Every structure is written in structure tokens, then in C-alpha cells.
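Q: Following this message is one structure expressed as C-alpha cells.
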Amino acid sequence: MKRAHQQHRHQPFDSILAALSVDLLIQILERVDDPGDRKAWRLVCRDFLRAEALHRRGLRVLRLEALPGLLRRYAACLDLLDLSACPGLGDHALATALFAGAGSWLLKSVSLSRASGVGWRGLAALAAACPRLESVDLSHCVGVGDREAAALAAAEGLRMLRLDKCLRVTDVGLAKLAVGCPALENLSIKWCLEISDIGIELLAKKCRDLRVLDISYLKITNSSVKSISSLGKLEVLSMVGCSNIDDEGLQFLDNGSNSLRSIDVSRCDNVTASGLTSVIEGHMCLQKLNVGDCFPELAPLFLSKLNGLKDSLTVLILDGFQVSASSLKIIGVNCKNLSEIGLSKCKWVTDEGISELAAGCVNLMSIDLTCCRMLTDKALMAIGEHNKKLVCLRLESCSLITDKGLEYIGTGCPKLEEIDLTDCPITDTAMKYLSRCWELMILKLGLCDKISSEGLVHIASNCQNLCELDLYRCIEVTDDGLAAIATGCSKLQKLNLCYCIQITDRGMKHLSCLEDLRDLELRGLHHVTSLGVTSIAIGCRRLTELDLKRCNLVDNVGLCALAQYTGNLRQINISYCPVSSMGLCKLLGTLKCLQDVKLVHLTHVPVERLELALRAYGGQLKKLKLFIGLRDLLSPWLIQMLHARRCRIRWVDKPLVFSP
Amino acid sequence: MVPERRRPPEASSKSSCSMMSESPRNRKPDLPFAPFDSTNLWCGDRHGRSFLEFSPPLVTQSSGLFGPDRETKSKKQHEPSPVDDPVMDWNPRLMLSNLSFLEQKIHQVQDIVRSIISHEDQFLDQANELAAQQQLVTADLTYIIIQLISTAGTLLPDIKNALLSTNPAVGRPGSNQKQHEILPVEVAKASQYDSLIKDLNSCGGKEDELIKCSNNSGVEASEPIPIEDHDTKDNDDGMDGENLPPGSYEVLQLEEEEILAPHTHFCLICGKGFKRDANLRMHMRGHGDEYKSPAALAKPSKEASIEPQPLRRYSCPFVGCKRNKEHKKFQPLKTILCVKNHYKRSHCDKSYTCSRCRTKKFSIIADLKTHEKHCGRDKWICSCGTTFSRKDKLFGHVALFQGHAPAIPMDDAKVLVTSDKAQVSEASSGMPGNMGYNFSGNTSLDAQSPDIKGVDDGHGCFSPMTLDACNIWGLAEFPHSAYEVSESTFSFLATGSCSSIQRNGEN
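Note that the protein sequences, when read in sequence, are chains F and L.
Everything in the first sequence is counted per the UniProt record's numbering, starting at 1 for the first residue and increasing by one.
Everything in the second sequence is counted per the UniProt record's numbering, starting at 1 for the first residue and increasing by one.
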């Protein structure tokens, strides 16, 4: 406090600090939660900005060009730095930015997920500049290999590391990390396809503190499981899709030397009930069990073994099984504490079975009944009757349920936050019932063609927390419905309006007041013109993803508006739009954050202009979708340059059809 | 003290099997191959000092020791070496004089012991003197034993006959000889010899104890079968591939010259040498029509193998080698080719050097070629500098040691490329900091394990390999990668230098 006073002694007397000291400001700031409000706070005056800088612990950088300035301001107290939205971030930029921190970094956690431009030099600089580094996320940086892993291994204190889909990491890289970071507790090497048993064995020998390990989709065999089983502190093990592992491997886990709490063996084709039985026998306090898509039938032995877990088991995922009513009854009787069950695509799931389950497991919070097509309202009645704590219910393609069933849900499950009703034959009445669940955040109504604006009015009247709404092909929805949503659900972040063909510019105008909107899909809206897109661009400044495919009336004006206002746009689809080269050049020339651009069948753009626009783009494109006919027309130099900048071009071979 | 060993050639020629079984015990395993003459000299000298009459037979005995080898290996030559002859004519007079000398010696020892007994009380307070006396007795007794052994050695073939003929209960003199037969076996091992001495010491020079001792060994020796048993056990331990009992095959030992000869088949007419018999037979056709008959051209072995050939194995002529039949854990070699390869690999100079790594040497050209196929492919390198040809071996090594980590094989290639780029840029832009930066960047990365750099440097020496790796890398990556690397290098270095300047300014 004293320091703060000294610091601001030479402030003019009319400064706010004369009345409120910095620590008081910080205390006030702690009570401001909403990021929008914080932004407003920052804009009040310099002192407020400084207070916010002292208070801030985490930072997510949206635009690369702002990075050096941001880091200079926040260097001192930052714990968490998220650079996942900056694919253009290179070694040079990262090293410079970190140097700006003048070596006083307290950073503990850095996310470089999808920031595929960072190589070993950048990571070496990171490891050198941040001695307290504990957590690094490099997932989906497909270029990361052994060199990068070796650079990262210099961070001795690393405890959490995600390397999902770092395709070039081999056993050598893993060994570097295992040797360099012996304190690792949480490691994900999902999809690192080069890693083999040898690497896993060394990892298990060197990193004895591992608690969470994800080895999904690796081509590893039973011997890996054997070495993993020696990890005494292991609690969570995910091995999705390890088809080389079979029951014999799972039996190694049975040795009781680890404290496994959660195991995910879904999609392991060679695992059968007997292997799982041995796992259950070895770990009587298992909490989470995911066995989806392993073997078709639930063996009675396996079900009876669940009895041993009755107190501990909370999550059971049985996707793709043949689950009879009697099986569900056994689960209901045995697993009283179950909070989540997954029965997605299970055969033979009947109302009777769900009733037994719901009656037995009253604490269920999440039920996934996707594609359980035999279910009727009776099942929903049982759920509404027993599962008062229900938060998430997925009923996609349950084509026998009606509005009546949702009445039970609406009255019985007041805490519902997420419901998926895609492809269910429900009407506006169901929306009326659902609107009683006022905590609803995610609502999916795709392909529910009987839903009209009236239903949306019901939702908008009561569900103020709604942040995701899917109205894919709800053809009855009109601008009035959107008006209701826009006023009632102001926190909406994600909205899908694809092929809601009645919507016009008026609806767009209503939507433009949704300031939080990030993801908007407007595919095939024939009545929406550039005017509507312009209003969206002006209103929804946070938009990051926009789909305008087959919006036949959106032209250059709309693109220019987007270029001018939505600076954070990362994905855009303007395939089949009648835009000309000017709009495209403007769009690509102005927006710096674009990563994923789909430009299929832009009939008004000549090839040379398209090439020019692509060359003009100054940011880091990661994905580009083009018509295959252009492959030979575009200059090889351009294609080579795009490849060199790590841009993946997908060539689409679809004929130009004008009607959707 | 090296004990004399001798074995009459008759034994080996009579039954190579029995010779086989006992020979490894009679031979001190680490006896050098060539300089046996010096041993003889030494023995002669040793005995010449104390007992001159002994020296001539001793010399003959010990040189006869090497006779059997020669004879076995050169069975077909059938020319017993002249040194073997004196052993054959055994001199009873010499023997008598030896025995009487021994009698004298024993009397001497008796006297000493008696005097010890009579002065027992005085010695109590003069422990040093007592010890000296004891040592004297021990030395004398040892000497007597050795003389007995060597003397009886001259009788060995006769004993053998006697033993084999039946009569396990030979009289007192027989047992004496038996003891003499077995003792060399025991004495052959230095440790056992030491223990014998210890026994003698503990006896306190008492004669009856000594007799007991020798009786014990005599009992052991009276049955030759246990010895063979012991040998089979040894072989069981040591045999790697096949597990033949020692008697079940015939052992051949080739001469060194024979092994190293480039050709083994010689034309009897013109003297031209060939590696293969078949080639010789082809050659023989040129010498006349009689060699063109199908019978002459056919493989001769077929006719020879009418009578069942005994299983034949080979011994390495290098004494002390495990493949030598004298070795305690003798492992025979299967074919002549095995002998050749083994002898060249183990006992010859390695004159072929790998042209790539210039470190590996081989004595067989085929080995060199095999190595050259893999040379430089030792791509699994540990941070400590050890290289491995297999990944699992490297990982086993890494798992074993704290702080070791696999080095990344790409390291050198990348460093090479970047430094090349740096040189280019240095030339073009005239920035002297480039090189320095690159290297410092590299070292800062490898600072964790400074050895890696050493490894890299070491790799740099293998010029062909580095070039290969470089090429491979260049091809595997996109063509832009070089551009990319250089770009980042430049930009990086620019910031590096800038920032350092800034820092200096601040300071």
C-alpha cells in the first residue's frame, strides 16, 4: 500500500487515487465478474487500467499484434497466458514477447494449443524465461516433434502437459520429457501416433508422480499397460481406441498397486467383459467407467461386479451396448450414487428399463439417451419423477417422445441446464413446458420443424441464461422469434439458424443486439442481404465464427462491413455467395485473425483476383477450402507458399448447384 | 610355483575321449601359447639348483606335454615329434635315484619336526622362530610332493593301463602313483594349491597329517569316473549351441598356418592352391582325361562316408582360449570354417578398418562389410554419448541412469543447416553476430545436458553420414523448411542482438 502511494505521489490531485487507493480499487474490481464490465472498467481511466493490470492473473490474447503491449503491461503478476487464438505466433514473436517481461515472469500456465507456429526455439525461450512453469498445453500443434519436446523438457517443474495430436513426437521426445520433467502429474499424449511401448515404459519408470494419463489412440500393446500399472499414484487413465490392448492388458491393472479412480476404455475393440471385470475387481473405489463401443453385450458377470462399486461409481458410459431392461434394473439397484449415465446408441433401451434406472439412481445429473429410438413419454415421466437433480438430458432422435413427455421434464427437473431435442417431433407446447427450467443454457432444436416463433417466445421469456441455441432447419421460425430471443436471452453466444428460410434482415437487426454472440451460422438464408450482415457486424463485435454459405444476397457490402467491424473473426464461410473480388480482397486484407476460410464456388471472383486476395492475406491461415478446379489454375508458387505457412488446403469436388 | 604336468602321448592316441576329459585339468588355463620353452627352462633351473640329476627328465617331460596336441591335430601326418621319444623309454635308475633323494628329504623333514617337538617349550616364547621352522617344513613337504608327482609322472602310461585293466585295489606303491596322478589336477589351480599349502600349514608339519592328506586325495584318485562326471558338468555349464557330452565326438585341432592358409586344397601335380575342393577337382580336369571321369569329379566324401564317420568337432590351437580343448569349459567349434573365423577374429590382428568411422577394425573382410552396411546407423544416441543400434537398448540405458536422456538424431542436421544459413547470411549481410547467435542458441537449448553437443560434434566428424542425414532431412521436409528455419533464425537473432543491446543500455 505504501509502495502504491509512493508510486502515485506525483499524480495530479484530481486523480481518482486521491480518494481511492489502488488496493481499494482492486477490492472493488474483485467484485466485478463479467468480462464486459471489466472491459468497461479498464476504459475508465489510466488508474483503473493500472489497478486492473495489478489484479489480473490470466490473459487470453486474441490478436497477435497486441501481444507485446499486453505482456509489457501484465508481465508482473500473470499466472496464466492463453495464446491458443494466435496461430500466427512464431518463435520470434514469442521470444520477443517473453523478453519484454524482463525475466520476472511468474507464469505458471501457458496454453499454446493450436498455436502451430511455435517451434523449439520459442519453447526453449519459454522454458528459460518462466522458471515457475507448471502447465503447458501444446495440443493440436501438429508440427510439434521431438525437438520441441526436448526444448520443453528444460522446464523442470512441469506438472501438466498436453501434447494431443502432436504428430511428430516420438518415443525420443517423450523420453526427453520424462527425464527432464520428473514431476509430471498430468500428461496427455492422445494421438501422438509415433509413441510406442518403449516410450511408455520409460515414462512409467521416470515419472512416478503421474496421476492423470491419456494415451488414447496410441498403437500401444499390453506391455504398455503393464508398465503403466506400476504407477502408484495413477488416478485417471484414458485409453480410448487402443485396439491393440485386450483383456490380458487390463489384467495388469488388477495388481492393486495404483489408485485408479477413472478408466476410459471406450472404442478398445479387443476389450471384453472379462477384462473389465478384472479391472473392477482390482479397484473397488472406481468412480468413472467408460466402456462405450467396446463389446456389444453386457455380460451378467460384468453387471454383477458393478455391485462391488456401488458406493463409489458415479459415471458409467455404456454407449453402443445392448442394454436390456433387466440390465438397467441391475444398474439401478447396484449403483445408487450414479450421477451420469451414457446410453447413447444403445439397443433395446425401453421405457421399462429407463424407469427402473431412474427409480434406482435418483442422483442422476446427466442422462444421454441419444438414438434410443424405442423410448416414449413414459421414460421421460419416470425421469421427471425421480431425477430432480437432472442437469443434462440428451434425447436426439428419440422420435416417439411428444410434448407430454417434456411436460414431465419441465415440471420435474427444475435444474436442467442442457437438453438436446434434435430431430424430436415436438411443438411449441413443449417449449412452453421447457421454459419452466429457467437455468437452461443449451437448447438444441435442430430439425424440429414444428417449432415456431411462438415456442421461442416461451423460451425467451424465462430462460435468460441461454447461451447456445440450435435452430437448424426449424423452418417455421421467423424474425419475431429472433426478436424475442434477442431480447430475452442476452447472453447467447452460439446460434445456429441454418436454413431457417423465413428469416430476413429484420431478424438480423434484432440479433445485432446480442453482444456476446461468438458463433453464428446463417447458411442458406435467402432473404438475408448485406444489410443484415452489416447490422450483425456492427452489433456483434465478438463474432469469431460466421457461416454465410449460400446466402445468395450477401455481397461485397456485407464483407466490407465484416472486414471493418468484426476484427476477431477466425472462421468464415462465404462459399456460393455472390461476392466479388473487391469484397474478398477487403475481407482478407483487413482481418488478421482469420484461420479458417471457405471460398468454394465464388463465381464472381476471377482466379487471378482470388490469387491476389490470398497473397494479400497477412495473417496465419490454417485451413482453406477451395474448389478443386482451381488447383491447376492457381499458381503453384501460391500453393507452395500457403503450404509453407502451414496452411492446409482442402479441395472440394462439388458441382455448382444453385438451389440449396 | 608352476607344477610340472605331463601326459604320455599313448593316452591320447589310445582314446582321445579320455584324454579330452582330463586334459583341461592338466593344463593351466592361462598358460601362454608360444613360450613354453621358457617354462621348461625355468623348471629345469629350479630343479637344477637343488637336484641336478632331475633336470634332463624334467625337460623332456614338460616338452612332452605339448606333444599330444600336435599329435591330435596332425593325426594324418603320423610323424611323432622327436621330443616325444625320450618319454617313451623310461629310466628305472633315474627313478630310483629320485626316490632315494626323496627319502633323504623326508628324513630331513622328520628331523626338523622332531627338533620342533623337543624344543616346544622354548618356542613358546619365540614364536617367530617356530613360524620359520614351520615354513621350512611346509616348503620341504611341498617340494617332496612335487617331486613325487613328477617322478611318478614318468610311470603314468603304466598306471593308466593298470587302472583300466581292472584292479581298483592296487597295492601301496600303486596308490602312491595314483596320488601322484591326481595331485597335478589339484595343483593345477593356484587357489587349490594355496589351500593345499594351508592344509599343510595347519598340520603343523606333522607327518601323519600329511599322510592323511595324501590318502584323501588318493581315495579321490582311485576312481577316475568322478573326474569325467565333473567334466561333463563343466561342459553343461559352458556349451552354448550344442550340448555334446565330451566323449561323443572326435576333436581335431588345426595348426595356425593351416588355419591362416588362403588355400586348403592343393593340386598334387602343379601345386596350385584352391579354397574349395570342388574347384580343385575342376582344375584337375586340365591334367588329363583320368580326372574327367564322373568318379573323379564326384564328391569324394560320399565314398568315404560308407563307414559312419565319428562326430567331429574342432579345437582352437590358441592355448587358454575357451575354444581350445585344454580349456576347462571347452566349447568345440563345429566346422573348419568356424575355426578359421574364430581364430582370425579372436587371435589375429584386425587389419581391416572401416573407412567410414575409422574406429572399428576387423580381421575378417566379411565382418567389415557387414559393419559397413550398418556403420553410421547407430542413430540411437544417449546424452552421455553412448550410441546404440536399437531403440529399446537406448531406452533401457536411459531408464537405468539418472539424468540421461536420448539425444535427438536430427540435432546435427538442423544445426548444420542453420549454421550454413548463418554463414550465407553472414556473407551477404555482413552481420558478424550470426554464427555466434546460432551456436549460443543451440547451447542454451542443450544446456541441460551439455554432452549432447559433444555428441553432435562427434557426429560432425562422420562426414558422409552427416551429409546423408542432411539430405534426408531436406527431402523429408517441405522445400520451404530451409527458408523457414533461416527466417526464424534471422528474426530471432535480430531480436537477440537488439535485446542484448537494450539491456546493455539499461545497465
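Note that beta-carbon positions come from the ideal geometry of N, C-alpha and C, so glycine has one too.
For clarity, every value in this text was computed on a predicted model and none was experimentally measured.
What residue does the alpha helix (DSSP H) around S435 of chain F start on, and which one ends it?
A: Unbroken run through S435 of chain F: none, as it is neither H nor E.
Q: Please list, in chain order, all residues of the same chain as R646 of chain F whose beta carbon is under 6 Å from its beta carbon, the five residues on each side excluded.
A: S116
Q: Report the CB separation of L343 of chain F from L369 of chain F in whole angstroms; it is logged as a contact under 8 Å.
A: 6 Å
Q: Take W380 of chain L and list the residues in its own chain whose beta-carbon comes closer than 6 Å to its own, dropping the five residues that flank it on each side.
A: F388, K391 and L394
Q: State whether the stretch 276-290 of chain L contacts the stretch 360-374 of chain L, with contact taken as three or more CB pairs (one from each stretch) at a distance under 8 Å.
A: no
Q: Please state whether DSSP places H374 of chain L in a helix, a strand or coil.
A: helix
Q: According to DSSP, is G558 of chain F part of a helix, a strand, or is it coil?
A: helix
Q: Using a beta-carbon distance below 7 Å, is F388 of chain L in contact with chain F?
A: Output row for F388 of chain L: interface = no.
Q: Tell me which same chain residues have a C-beta within less than 7 Å of the C-beta of K345 of chain F, skipping the five on either side of it?
A: Excluding sequence neighbours, K345 of chain F sits near D319, G320, T370 and C371.
Q: Around the Cβ of C382 of chain L, are there at least 16 other Cβ atoms within 10 angstroms (buried) or fewer (exposed)?
A: C382 of chain L comes out buried.
Q: Taking the continuous beta strand (DSSP E) assigned at E340 of chain F, which residues delimit it?
A: Run containing E340 of chain F: E340 to G342, per the beta strand (DSSP E) assignment.
Q: Below 7 Å between beta carbons: does that hold for D516 of chain F and Q493 of chain F?
A: yes
Q: Let me confirm a value: M284 of chain F is counted as buried when at least 16 other C-beta atoms fall within 10 Å, else exposed. Which label applies?
A: Sixteen is the threshold: since fewer than 16 other Cβ atoms of the shown chains lie within 10 Å of the Cβ of M284 of chain F, the residue is exposed.
Q: Which chain F residues are close to H404 of chain L, counting only those with a beta carbon under 9 Å from its beta carbon?
A: V179
Q: Can you tell me which residues form a DSSP beta bridge with Q571 of chain F?
A: F:E545 and F:D596
Q: Is S12 of chain L close to chain F? Criterion is C-beta to C-beta, closer than 7 Å.
A: In this prediction, S12 of chain L has a pLDDT of 39, which is less than 50 and means its spatial position is unreliable; what the coordinates show is noted afterwards. S12 of chain L does not count as touching chain F.
Q: Below 8 Å CB to CB, which residues in the same chain sit around R49 of chain L once its five sequence neighbours on both sides are set aside?
A: Bear in mind that the predicted position of R49 of chain L carries a pLDDT of just 42, short of 50, making it unreliable; the figure below should be weighed with that in mind. No residues qualify anywhere along the chain.
Q: Quick one: give me the first and last residue of the beta strand (DSSP E) that M160 of chain F is part of.
A: Note, M160 of chain F: beta strand (DSSP E), M160 to R162.
Q: Name the DSSP beta bridge partners of R394 of chain F, please?
A: Among the bridge pairs identified by DSSP, R394 of chain F is matched with F:D368 and F:D420.
Q: Of all Cβ atoms in chain L, is any one closer than 7 Å to the Cβ of C77 of chain F?
A: no
Q: What does a CB cutoff of less than 7 Å around K292 of chain L pick up in its chain, not counting 5 residues either side in sequence?
A: R285
Q: I'd like the list of long-range same chain contacts for S84 of chain F, defined as Cβ closer than 8 Å, with 5 residues on each side in sequence excluded.
A: R60, S111, L112, S113, R114, A115 and D137
Q: Using DSSP with H/G/I as helix, E/B as strand and the rest coil, what is Q295 of chain F?
A: Here residue 295 of chain F turns out to be Phe, not Gln, going by the sequence shown. Three-state DSSP puts F295 of chain F in coil, outside helix and strand.
Q: Helix, strand or coil for W380 of chain L per DSSP?
A: strand
Q: For chain L, check one thing: does any of its Cβ atoms lie closer than 7 Å to the Cβ of D209 of chain F?
A: no
Q: For chain F, check one thing: does any of its Cβ atoms lie closer than 7 Å to the Cβ of D277 of chain L?
A: no
Q: Where does E356 of chain F fall in DSSP's three states?
A: helix
Q: Going by DSSP, what residue range makes up the alpha helix (DSSP H) through F330 of chain L?
A: F330 of chain L -> no alpha helix (DSSP H), and no H or E assigned at all.
Q: Taking the alpha-carbon of D479 of chain F as reference, which of F:K219, F:M508 and F:G488 has the nearest alpha-carbon?
A: F:M508
Q: Return the bridge partner residues of residue 509 of chain L from the DSSP annotation.
A: With chain L represented from 1 up to 507, any question about residue 509 of chain L goes unanswered, as that position is not in the structure.
Q: Just checking: is the beta-carbon of residue 730 of chain F within a distance shorter than 7 Å of some beta-carbon in chain L?
A: Nothing in the structure corresponds to residue 730 of chain F, since chain F is present only between 1 and 660.
Q: Once the 5 residues before and after G171 of chain L are set aside, which same chain residues still bring their CB inside 6 Å of it?
A: Annotation note: pLDDT 41 at G171 of chain L (below 50); position unreliable, no value reported.
Q: Taking C-beta to C-beta, are I26 of chain F and H55 of chain F nearer than 7 Å?
A: yes
Q: Closer than 9 Å, Cβ to any Cβ of chain L: which residues of the stretch 206-230 of chain F, in chain order?
A: K206
Q: Taking buried to mean at least 16 other C-beta atoms within 10 Å of its own C-beta, is L250 of chain F buried or exposed?
A: buried
Q: Can you grab the Cα-Cα spacing for the pair A299 of chain F / S326 of chain F, in whole Å?
A: 12 Å
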